[in-house]
Amino acid sequence: MFEKFYPDFFFRSIDDIDEEFFLVNGIKFAILDIDNTLVSYKTTVADKRAKAFLNMLTKNGIKFAFVSNNHKDRVSLFAKEFNAIFVNDAGKPFTFGIKRAMKKIGADKKHTVLIGDQVFTDVYAGKNAGIITVMVNPIEAKETPFFGLKRRMEKIVLKNYKR
Ligand SMILES: [Mg+2]
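Residue numbers (this note's numbering): 162 to 324.
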């Protein structure tokens with residue numbers, strides 16, 4: 162029932178995703194969420210951790226693109242430093258943003274992973290796009306009532322998954 166919400170892989174954070182993971186799973190392309198996945202939603206440019214992760218991807222020949230539901234000013238500023246392809250206002254859980262980014266970097270479904278922090282936007286969109294999905298814990302939770310509700314619902318879905 163919840164299959165579309167189950168990530169294929171779960172990591173505590175991007176720090177735990179190493180080159181081995183990409184190699185073993187034959188992953189050559191990465192679609193990356195920014196907010197709360199790579200950096201806090203409050204952080205405008207990549208910090209040390211995010212840079213280390215993105216450099217690791219580049220070093221291993223993995224092409225990446227940022228696909229964010231956030232707006233152009235935020236997403237373009239973040240991507241600029243890496244000269245990276247990005248899609249802002251990506252409309253996840255819909256797949257059009259992911260598909261557009263995949264096309265731009267020449268990615269195919271079989272060799273592409275989505276990495277994000279949210280079940281109902283990132284994982285669901287990735288699943289519907291037919292690509293591999295990785296979920297990480299959000300870096301910093303937004304303190305809004307709706308966000309709290311979403312997290313609780315995610316917990317229910319993921320609890321089912323872990324059984
Ligand atoms: Mg996010």
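Cβ coordinates follow ideal geometry from the N, Cα and C atoms, glycine included. Since we're looking at a predicted model, the values are computed, not measured.
Check whether residue i and residue j have beta carbons under 8 Å apart
i	j	result
V280	E315	yes
K288	K203	no
L275	I292	yes
A251	G258	yes
N244	F183	no
P168	T294	yes
A211	P254	no
Backbone CA spacing between residue i and residue j [nearest angstrom]
i	j	result
G187	H272	6 Å
F239	V206	5 Å
D278	Y322	16 Å
D234	I223	25 Å
N249	V185	30 Å
N231	R312	19 Å
K270	K209	30 Å
E181	F170	14 Å
G309	V284	18 Å
Residues bridged to residue i [DSSP beta-bridge criterion]
i	result
D196	V200
I276	L193 and V295
A207	DSSP, once it has assigned bridges, lists no residue as partnering A207.
V248	V228
F255	DSSP, once it has assigned bridges, lists no residue as partnering F255.
F171	M296
Beta-carbon contacts of residue i that lie in its chain and below 8 Å, excluding the five residues immediately before and after
i	result
F247	A226, F227, V228, S229, V236, S237, F239, A240 and A262
F163	V318, N321 and Y322
I266	F190, K224, F225, A226 and I246
Counting Cβ pairs, one atom from each stretch, are 3 or more of them under 8 Å apart for the region 162-181 and the region 191-211? Flag = yes, the region 162-181 and the region 191-211 touch.
Stretch-stretch touch, CB-based, cutoff 8 Å, three pairs: the region 174-193 with the region 257-277: At 8 Å Cβ cutoff, the stretches touch.
Meets three-Cβ-pair contact criterion under 8 Å: the region 211-226 and the region 288-303: Contact between the region 211-226 and the region 288-303 is absent, because fewer than three Cβ pairs lie under 8 Å.
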